[in-house]
Every structure is written in structure tokens, then in C-alpha cells.
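Since the structure comes first, as C-alpha cells, the remarks are kept for the end.
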Amino acid sequence: MSNATPEITLAARNLSRRFGSRQVIHNLSLELRRGEVLGLLGHNGAGKSTTLQMLTGCLLPDEGKIEICGIDLLRRPMLAKAHIGYLPETPPLYRELSVNDYLIFAARLRGMKPGDAAEALIQTRQRCGLEAVGKKIIGTLSKGYQQRVGIAQAIIHRPAVIVLDEPTVGLDPTQIRDIRALIRELGDSSSVILSTHLLGEVQSVCDRVEIMQHGKLIYGDTSARMQKYGGISGFIISLRNPPPLSELEGIAGVSSVEPLSATQFRVLHAPDTNPSGALLTLAERQGWQLEQLTPLQATLEEVFARITDTGITDEKNRIDMQDNQGSVRAEPFDKAQESLVEACTESADALSLSPSTSSGRTGEKQ
Amino acid sequence: MIRLLALRELRSLFSMPSTWFALAVLQFIFAWFFLARLDAFLEIQPQLAQLANPPGVTITIAAPLFNTAALLLMMLAPMFTMRLIAEERRNQTLTLLLSAPLSSRHIVLGKFFGLLVFLAALMAGLPLMLYTLAFGTALDHGMLLSNMLGLLLLTASYVAVGLYVSALTTQPVIAAIGALAVLVGLWLADIGTAAEDSPWHLISPLNHFQNFNAGLLDSGDAAFFVLFSAFFLLLAMRRIHNNRIYG
Numbered sequence: 001m002s003n004a005t006p007e008i009t010l011a012a013r014n015l016s017r018r019f020g021s022r023q024v025i026h027n028l029s030l031e032l033r034r035g036e037v038l039g040l041l042g043h044n045g046a047g048k049s050t051t052l053q054m055l056t057g058c059l060l061p062d063e064g065k066i067e068i069c070g071i072d073l074l075r076r077p078m079l080a081k082a083h084i085g086y087l088p089e090t091p092p093l094y095r096e097l098s099v100n101d102y103l104i105f106a107a108r109l110r111g112m113k114p115g116d117a118a119e120a121l122i123q124t125r126q127r128c129g130l131e132a133v134g135k136k137i138i139g140t141l142s143k144g145y146q147q148r149v150g151i152a153q154a155i156i157h158r159p160a161v162i163v164l165d166e167p168t169v170g171l172d173p174t175q176i177r178d179i180r181a182l183i184r185e186l187g188d189s190s191s192v193i194l195s196t197h198l199l200g201e202v203q204s205v206c207d208r209v210e211i212m213q214h215g216k217l218i219y220g221d222t223s224a225r226m227q228k229y230g231g232i233s234g235f236i237i238s239l240r241n242p243p244p245l246s247e248l249e250g251i252a253g254v255s256s257v258e259p260l261s262a263t264q265f266r267v268l269h270a271p272d273t274n275p276s277g278a279l280l281t282l283a284e285r286q287g288w289q290l291e292q293l294t295p296l297q298a299t300l301e302e303v304f305a306r307i308t309d310t311g312i313t314d315e316k317n318r319i320d321m322q323d324n325q326g327s328v329r330a331e332p333f334d335k336a337q338e339s340l341v342e343a344c345t346e347s348a349d350a351l352s353l354s355p356s357t358s359s360g361r362t363g364e365k366q
Numbered sequence: 367m368i369r370l371l372a373l374r375e376l377r378s379l380f381s382m383p384s385t386w387f388a389l390a391v392l393q394f395i396f397a398w399f400f401l402a403r404l405d406a407f408l409e410i411q412p413q414l415a416q417l418a419n420p421p422g423v424t425i426t427i428a429a430p431l432f433n434t435a436a437l438l439l440m441m442l443a444p445m446f447t448m449r450l451i452a453e454e455r456r457n458q459t460l461t462l463l464l465s466a467p468l469s470s471r472h473i474v475l476g477k478f479f480g481l482l483v484f485l486a487a488l489m490a491g492l493p494l495m496l497y498t499l500a501f502g503t504a505l506d507h508g509m510l511l512s513n514m515l516g517l518l519l520l521t522a523s524y525v526a527v528g529l530y531v532s533a534l535t536t537q538p539v540i541a542a543i544g545a546l547a548v549l550v551g552l553w554l555a556d557i558g559t560a561a562e563d564s565p566w567h568l569i570s571p572l573n574h575f576q577n578f579n580a581g582l583l584d585s586g587d588a589a590f591f592v593l594f595s596a597f598f599l600l601l602a603m604r605r606i607h608n609n610r611i612y613g
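Line by line, the protein sequences give chains A and B.
Counting in this note's numbering, the first sequence tops out at residue 366, every number present.
Counting in this note's numbering, the second sequence tops out at residue 613, every number present.
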């Protein structure tokens with residue numbers, strides 16, 4: 001990419017949109033830089049898809065301004081749209097065409113020359129793992145492959161801004177992992193904005209997160225910083241030969257110990273002290289036979305719940321981290337939240353997206 | 367861009383078995399009408415020969431055949447136009463076009479010309495059959511040409527109506543019935559009005575085809591077809607643009 005390309009690839013200012021009398025998007029502003037993967041997170045119906053439709057020019061905002069690579073999308077849509085690749089919720093596939101024909105059509109549609117399109121086709125097919133199915137009719141492909149073709153059409157013309165609306169919905173865990181790896185890779189050369197209601201997805205692919213609720217952006221930060229937002233300091237230990245609870249509680253710096261099973265304990269401590277060293281020494285000396293010591297990490301599930309439900313501040317509404325498998329047990333809080341956390345937990349379980357595996361995501365391409 | 371979209375439309379059409387089926391069946395129907403006409407002509411030919419100024423083979427065979435084709439087309443066109451936008455909307459492929467650097471003009475004209483070329487190919491069998499008569503007799507080429515031009519213009523106007531109705535809905539079937547209602551409505555308005563100078567005759571495409579059918583090139587009729595098609599195409603563009611406003 002040339003140096004002349006502006007650093008900010010997508011800028012949206014004060015977007016508002018209403019459907020009939022219902023205000024769906026309120027005064028939304030968004031900025032995206034090259035090489036960044038932004039996750040748009042929110043419940044179903046929070047306005048994510050509407051926002052993405054506006055950013056890609058499929059829907060006109062009532063108010064506000066959108067710039068793609070410095071070009072006004074509303075005033076000069078033909079120029080600006082050439083820089084956008086968009087995968088809507090349902091991939092826009094002509095089922096009766098072959099993969100090759102369809103992708104060439106998508107490339108030419110965005111103004112690529114026939115020669116360039118043929119070259120881009122080879123590259124894109126390889127990137128999306130579509131080499132083997134080039135001549136097949138799209139309608140005969142499995143859902144996972146169709147989704148890949150959908151992503152391929154969004155990236156074949158090498159756009160500066162790639163917009164993906166729930167790119168991993170309905171895929172099996174392996175496919176999800178492949179597609180996440182691909183999205184990460186895309187984030188190196190372009191800007192990617194993806195919407196999702198899966199927190200694990202944000203955790204594993206996004207650099208930055210914007211949380212949407214009722215058509216407003218209510219929180220935005222880096223994905224890493226957001227995890228700190230939850231701020232639990234502690235770890236989980238498994239001891240094959242555990243001592244009485246009081247002995248663990250007696251270790252300097254430990255604020256509380258909660259038994260999870262006969263041999264598993266959750267140890268919480270103050271943020272500024274870390275008693276794990278002392279605990280290790282003691283375990284060795286007393287023959288507790290330490291099997292596991294995993295630091296607790298606040299997951300996005302927790303952060304999301306805290307941010308979207310400002311009511312959860314008191315101690316009894318705190319979300320308890322159960323173990324490092326990413327599963328979450330929710331103490332009484334509002335129903336919507338509970339179902340959300342459940343959904344997230346399910347997906348996290350299915351993918352075994354523990355904090356530790358997700359941190360090693362870069363090496364997990366198949 | 368318009369060409370690209372038109373080619374895509376054709377490619378999709380020809381990749382569906384139903385298209386080939388329709389093509390085959392229609393050629394059969396045309397051929398049957400043609401042979402029936404030819405048969406009738408051969409039967410009455412001795413009587414015709416006794417007339418002082420007998421009608422030629424072109425006017426007795428070709429003209430009624432084109433007229434039948436024009437009527438058939440009225441029923442057929444909606445079946446092909448229904449998919450144009452309604453199906454794209456239903457399969458959510460319209461998003462691909464809306465998010466691409468295209469204007470509504472490109473989308474509408476691309477689809478219009480794509481289907482027009484297809485229907486022209488579908489009708490091409492008709493003059494080909496008629497030209498086989500040239501082996502045995504002399505044909506009135508001027509009349510054949512005016513009929514072909516008329517039929518093409520008529521097809522264009524039918525496609526334009528169908529395209530617009532298709533742009534209004536998400537259901538292809540509703541688009542088909544809607545377009546059929548408009549076309550048959552215009553036709554009924556024409557044939558149902560007894561008065562010679564009634565304005566109802568003027569708004570019917572099939573009425574404007576009659577001059578072409580008789581071998582008369584009237585610029586007024588040609589202008590009607592162009593304006594009629596342009597009107598509905600503009601409405602369709604308007605509708606596609608509104609898609610961005612109303613979602």
C-alpha cells in the first residue's frame with residue numbers, strides 16, 4: 001500500500017438513523033485506522049447491522065457524515081465504495097454461478113480490470129482456502145464454504161475497509177477458527193470492522209472494541225485494556241493433597257479462598273500483591289502436590305455485563321468466574337444479561353476459548 | 367458496468383435448467399404455429415391465386431405469427447422479469463450491488479439489457495423459421511424487418527414494466543402477477559374500448575405494435591415504445607434509490 005493512503009480509512013461522524021418513528025441509531029461516531037480490527041459488539045437488535053449498512057452505503061443515514069479514505073461516501077458514493085468490501089449477514093451469493101465466475105464478477109463490479117481480476121482471483125482463492133472448489137456451483141457448497149466465498153467477494157478487490165457482519169455465524173468450530181485467523185490476517189493490510197454478539201470473537205480477533213446498545217456506542221477501548229476493566233486479581237489452584245482451608249487463607253496477601261471442588265480452590269488477592277510465590281514454596285514444603293495454577297483473567301463476558309448493565313455494582317451482583325475454561329456463572333442479575341452470558345458461555349465452551357488458548361491464537365491457523 | 371451486469375444476468379439465466387426448458391418449449395410452440403399457418407396457406411393458395419391482387423406469403427403467414435408471438439410475450443415476459451430484482455432482494459444479493467460502486471442507473475439498465483438480449487434470442491427462432499420460406503418463394507423483407515423491430519420494441523416495453531414491478535416487491539411470484547396484471551390490463555383497456563379515438567388505445571403497447579405488424583414504420587409508435595420503457599425504467603431506478611433511504 002502506498003504512503004499516500006491516509007491513515008484513517010473510515011470516519012463516521014454523528015450518524016443518526018430512524019425507521020419510521022423509531023430512532024435506531026443515535027449520534028454515532030466511529031473511526032478506523034489502517035491495520036486495525038474493530039469489533040462492534042452488542043446484543044441482537046442493538047443497531048450493529050444498521051450501522052454497517054450505513055457505513056457501506058447500502059442505507060443512507062438521516063444525519064451525519066461518512067468518509068472512506070477521505071472520500072465523502074454520501075456525496076461521491078461511486079468513488080468511495082470502490083474502497084469498501086462488505087459481507088452482509090447473509091452472504092450475497094448468486095447460487096447458480098460457479099465460485100470463479102462469481103468472484104470475477106465481484107472484482108469487476110468494484111472496477112477491477114479483467115487481467116487484475118484474474119490475478120486477484122488466484123490470490124483470494126488461496127487466502128480463503130477455496131482452491132479446490134473454484135469450478136463448483138456456489139449453491140452446492142456447504143455453509144462454511146459459502147461463508148468463505150462471501151468473505152472472498154468482500155476482499156478480492158483489496159479494499160481499504162473491510163466490513164464483516166457476523167462473519168462466523170452458523171459455522172462449526174474449525175471453520176470459525178479458520179475464519180478468525182483469516183480476519184486477523186486481513187487486519188494486517190486493511191482495516192476491518194466486524195460486528196458480533198460473541199464476546200469470544202472480539203477477544204480473539206479484535207484490536208479494539210466498541211460496544212453498542214440501543215443504537216449508541218456506550219464503550220470503546222482496546223480489546224486488551226477492556227479485559228483489565230473487570231479487574232479480578234487471583235488464580236485457581238489444584239492441589240492433589242490439599243491442606244485445610246484456613247491454612248491457605250493464612251498465606252500472606254491472600255484475601256479469600258473459595259473451594260471449587262475437593263482439590264480445586266479459587267484464591268483471590270489484592271491487585272498490588274501476588275502471593276503465588278509464597279504459595280508455591282509452601283506447597284512444595286508441605287507436600288500439597290500442586291497440579292495447576294492458573295491466573296484468573298477477567299473475560300469480556302464480565303466486562304460486557306458490567307458495562308451494559310450499570311446497575312451491577314454491588315457485591316452480590318458480581319459475576320463469578322468459575323474456572324479458566326471461560327465459563328461464567330452469573331449471580332442474580334437481569335434476565336437479558338443472563339441469557340447473553342449463557343450464549344457466550346456456550347460458544348466459548350464449544351470452542352474451548354479459554355483465555356490461555358485465545359492468547360495463543362496467532363499460531364492456531366490450520 | 368452495465369454490460370457487466372447484463373452479462374451476469376445472462377450467465378445466471380443460462381445456468382438454470384428452467385431457462386433451457388422454456389427455450390425449448392417456446393421454439394416448439396412457435397414452430398407449431400408456423401406449420402399450422404403454412405398448412406392453412408397451402409390449402410387456400412389455389413383460391414388466392416384467382417384473386418386480382420392476392421396477398422403474399424409474408425402477410426398471410428408472417429404477420430399473424432408475429433401477432434401471436436406478441437400476445438404470447440405478454441404472458442411470458444412477466445415470468446422472466448419477476449426474478450430481476452425481487453429475487454435479488456429475497457436472496458439478499460441486492461446488497462452486493464448496493465454496496466458496489468454502481469448507481470441505480472447501472473443496476474436497472476444492466477438488468478434491462480440483459481433480459482432484453484435474452485428475450486430477443488428467444489424470439490430469434492421466429493424469423494429464422496420464416497426465412498426458411500425464402501428457399502421456395504420471395505419474401506417481403508421490409509415487412510419482416512418492421513415486424514422484428516416492432517417485436518423488439520414491444521419486448522423492451524414489457525421488460526421495463528416487469529422490471530419496475532419486480533423492484534417493488536420481495537416476492538418473485540407477486541412481481542410476476544403484478545406485471546401480468548399491468549400488461550393484460552393495458553391490453554384489455556385497448557380491446558375493450560369500442561370508440562376508435564379513445565385515449566385507451568394510445569396507452570396500450572400492443573395497439574402500437576399493430577402498425578409494425580402491418581409493415582408500417584410509424585415514428586410515433588416507435589417514440590411511444592421508447593417513452594413507455596424509459597418511464598418505467600426511471601421509476602425502477604427511483605425505487606432502487608429509495609431502497610437506500612427506506613432500507
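Backbone N, C-alpha and C define an ideal beta-carbon position, used for all residues, glycine too.
Residue i lies in the beta strand (DSSP E); which residues open and close that run?
{"i": "residue 269 of chain A", "result": "264-269"}
{"i": "residue 14 of chain A", "result": "8-19"}
{"i": "residue 220 of chain A", "result": "216-222"}
{"i": "residue 447 of chain B", "result": "Taken as a continuous stretch (DSSP letters only), residue 447 of chain B belongs to no beta strand (DSSP E), being part of the alpha helix (DSSP H) at 429-447."}
{"i": "residue 374 of chain A", "result": "The structure shown does not extend to residue 374 of chain A, since chain A is modelled only from 1 through 366, so no value can be given for it."}
{"i": "residue 425 of chain B", "result": "Run containing residue 425 of chain B: none; DSSP gives neither H nor E here."}
{"i": "residue 194 of chain A", "result": "191-196"}
{"i": "residue 572 of chain B", "result": "Counting along the chain, residue 572 of chain B falls outside any beta strand (DSSP E), though it belongs to the alpha helix (DSSP H) covering 571-579."}
{"i": "residue 87 of chain A", "result": "84-87"}
The alpha helix (DSSP H) spanning residue i covers which residue range?
{"i": "residue 409 of chain B", "result": "383-415"}
{"i": "residue 169 of chain A", "result": "Element bounds for residue 169 of chain A: n/a, residue is neither H nor E."}
{"i": "residue 50 of chain A", "result": "48-55"}
{"i": "residue 281 of chain A", "result": "276-286"}
{"i": "residue 565 of chain B", "result": "565-568"}
{"i": "residue 201 of chain A", "result": "199-205"}
{"i": "residue 505 of chain B", "result": "Segment: none, residue 505 of chain B is in no alpha helix (DSSP H) and carries neither H nor E."}
{"i": "residue 79 of chain A", "result": "77-81"}
Give the DSSP-derived three-state secondary structure of residue i in the structure shown.
{"i": "residue 606 of chain B", "result": "helix"}
{"i": "residue 374 of chain B", "result": "helix"}
{"i": "residue 239 of chain A", "result": "strand"}
{"i": "residue 250 of chain A", "result": "coil"}
{"i": "residue 185 of chain A", "result": "helix"}
{"i": "residue 43 of chain A", "result": "coil"}
{"i": "residue 36 of chain A", "result": "coil"}
{"i": "residue 471 of chain B", "result": "helix"}
{"i": "residue 517 of chain B", "result": "helix"}
{"i": "residue 457 of chain B", "result": "coil"}
{"i": "residue 177 of chain A", "result": "helix"}
{"i": "residue 31 of chain A", "result": "strand"}
{"i": "residue 498 of chain B", "result": "helix"}
{"i": "residue 256 of chain A", "result": "strand"}
{"i": "residue 528 of chain B", "result": "helix"}
{"i": "residue 584 of chain B", "result": "coil"}
{"i": "residue 490 of chain B", "result": "coil"}
{"i": "residue 556 of chain B", "result": "helix"}
{"i": "residue 561 of chain B", "result": "coil"}
Does the beta carbon of residue i fall short of 6 angstroms from some heavy atom of the ligand ADP?
{"i": "residue 68 of chain A", "result": "Because no ligand of any kind appears in the structure shown, any question about the ligand ADP cannot be addressed here."}
Considering only DSSP beta bridges, list what residue i is partnered with.
{"i": "residue 212 of chain A", "result": "A:42 and A:217"}
{"i": "residue 534 of chain B", "result": "According to DSSP, residue 534 of chain B bridges with nothing at all."}
{"i": "residue 22 of chain A", "result": "A:19"}
{"i": "residue 72 of chain A", "result": "A:67"}
{"i": "residue 234 of chain A", "result": "A:268"}
Inset, instruction - Using a Cβ-Cβ cut-off of less than 8 angstroms, give me the residues of the stretch 374-391 of chain B that come near chain A, in sequence order. - result: 374, 377, 378, 381 and 382
Inset, instruction - Determine which residues of the stretch 526-545 of chain B have a Cβ less than 7 angstroms from any Cβ of chain A, and write them out in chain order. - result: none
Inset, instruction - Jot down the residue ranges of each uninterrupted beta strand (DSSP E) in the stretch 95-171 of chain A, minimum 3 residues, whole runs only, in chain order. - result: 161-165
Inset, instruction - Below 7 angstroms between beta carbons is the criterion; list the residues of the stretch 159-177 of chain A that meet it against any residue of chain B, in chain order. - result: none
Legend entry - Residues of the stretch 84-98 of chain A whose Cβ lies closer than 9 angstroms to any Cβ of chain B, in chain order: 84, 85, 86, 88, 89, 90, 91, 92, 93, 94, 95, 96, 97 and 98
Legend entry - Proximal residues, the stretch 448-473 of chain B versus chain A, C-beta separation under 9 angstroms: 454, 457, 458, 459, 460, 461, 462, 463, 464, 465, 466, 467, 468 and 469
Inset, instruction - Would you list, in chain order, the members of the stretch 45-65 of chain A that have their beta-carbon closer than 9 angstroms to a beta-carbon of chain B? - result: 50, 53, 56, 57, 58, 59 and 60
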